[in-house]
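Colleague:
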Amino acid sequence: FGTFSLQAKKAGFKVDVIEMDKRCCEFLSKSVGVNAVNSNCPEQAIDDLEKHDVIALWHNIEHLPNPWAFLKEAAKNLNPGGVLLIAAPNPSSFGFRVLGPLWPHVDAPRHLNLIPVQLLTKYLNSFGLELVMMTTKDKGARSWNRFGWQRFLMNYFSSKIGQMVAFIVGGILSLPLALWEFKGANGSAYTVIYQKKSA
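One rule links them: number in this note's numbering = place in the sequence shown (from 1) + 6.
1) Look at the alpha carbon of Met140 and the alpha carbon of Asn192, and state the distance between them as a whole number of angstroms.
2) With a cut-off of 8 Å on the beta carbons, I'd call His111 and Ser194 a contact; round off their distance for me.
3) Hey, out of Glu187, Lys202, Ile61, Gln50, whose CA is closest to Asp22's CA?
4) Can you tell me the Cβ-Cβ gap for Leu137 and Tyr200, rounded? I've got them flagged as a contact below 8 Å.
5) What number of angstroms, rounded off, separates the C-alpha of Ala17 from the C-alpha of Ala42?
6) Could you tell me which residues DSSP pairs with Asn151 in its beta bridges?
7) Sorted by chain position, which residues of the same chain lie with C-beta nearer than 8 Å to Pro86's C-beta, five sequence neighbours on each side aside?
8) Does Glu32 pass the burial test, meaning 16 or more other C-beta atoms within 10 Å, or should it be called exposed?
9) Under the three-state reduction of DSSP, which class applies to Asn41: helix, strand or coil?
10) Gln156 and Phe133 look like a contact to me (Cβ under 8 Å); what is the Cβ gap, rounded to whole Å?
11) So what's Glu49 in DSSP terms, helix, strand or just coil?
12) Using a Cβ-Cβ cutoff of less than 7 Å, which residues in the same chain neighbour His65 once the five nearest sequence positions on both sides are dropped?
13) Taking 8 Å as the cut-off, decide whether the C-beta atoms of Pro48 and Phe76 are in contact.
14) Out of curiosity, what's the CA-to-CA distance linking Trp74 and Leu120?
15) Please report the distance separating the alpha-carbon of Leu185 from that of Gly106.
16) Taking DSSP as the reference, what is the three-state secondary structure of Pro182?
17) How many angstroms separate the CA atom of Arg148 from the CA atom of Ser35?
18) Please look up how many angstroms separate the CB atoms of His58 and Leu84, rounded, as I've assumed it's under 8 Å.
19) Contact criterion: CB-CB distance below 8 Å. Does Ala42 meet it with respect to chain B?
20) In the DSSP output, what is Asp22 paired with across the bridge?
21) With Met160 and Gly176 assumed to form a contact (beta carbons below 8 Å), what rounded beta-carbon distance in angstroms separates them?
The structure is reproduced here in structure tokens:
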């Protein structure tokens, strides 16, 4: 926990973190040395913070009860020219189209929503944010691709041996399936960067 915020701090950023778990907040404050705000209402928490040049949502938007309210407040909180980075499961992925509700990244009830990039972009455009980069082929997405096929097969086995075999077979299976996942925006996770228009 806190790897991204630690790297941001080391890169010279003044880091604020909004976290729902109190123990994580304590760890982030004491061990990582960043400002950690404990809140079950992140849209209110970000509204109370100073403006930011960068806001990163690294695989957490899918966990928010009201992502639209948070995105609206995040857009307001960004300085002109600031960037909003979002990484999340991709409901337009090849894996989701093949497996449907069995796709491991559906991950209900932990994942409360899966937002397509097109919908996200349309919403954020209304607050003056423009899409400047989108990929489903970065290192993280490739890892999530493999994980999806492995976990899908592992879900059918309860024994350690069965799970180990499913893990290996899923990893092997992911290699030829990558041909489809690397076409277009078919990877199992997307990373997008939006920039707020300068004033």
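Built from N, CA and C at the ideal position, the CB exists for glycine as well. Just so you know, these numbers come straight off a predicted model, no measurement behind them.
Modeller: According to the structure data:
1) Looking at the two C-alpha atoms, the distance is approximately 12 Å.
2) Sure, about 6 Å apart at Cβ, within 8 Å.
3) Checked all of Glu187, Lys202, Ile61, Gln50; the closest Cα to Asp22 is Ile61.
4) Contact holds; Cβ gap of about 6 Å.
5) Near 18 Å, if we compare the C-alpha coordinates of Ala42 and Ala17.
6) Paired residue(s): none; Asn151 is not in a bridge.
7) Within the same chain, Pro86 has close Cβ partners Lys202, Lys203, Ser204, Ala205.
8) Flag for Glu32 reads exposed.
9) Shown here, Asn41 sits in a strand according to DSSP, grouped into three states.
10) Gln156 to Phe133, Cβ: 38 Å. No contact.
11) Of the three classes helix, strand and coil, the one that applies to Glu49 here is helix, per DSSP.
12) Here the set comprises Ala93, Ala94.
13) A contact, by the Cβ cut-off of 8 Å.
14) Cα-Cα distance, rounded: 12 Å.
15) Taken atom to atom, the span from the alpha-carbon of Leu185 to that of Gly106 is near 19 Å.
16) Pro182 falls in the helix class under three-state DSSP.
17) Linking Arg148 to Ser35 through their CA atoms gives a straight-line distance of about 32 Å.
18) The distance from the Cβ of His58 to that of Leu84 is about 6 Å, consistent with a contact at the 8 Å cut-off.
19) The structure shown contains no chain B; it holds only a single protein chain.
20) As DSSP reads the structure, Asp22 sits in a beta bridge with Asn41.
21) Separation of the CB atoms of Met160 and Gly176 is rounded to 7 Å, and the pair is thereby assigned contact status at 8 Å.
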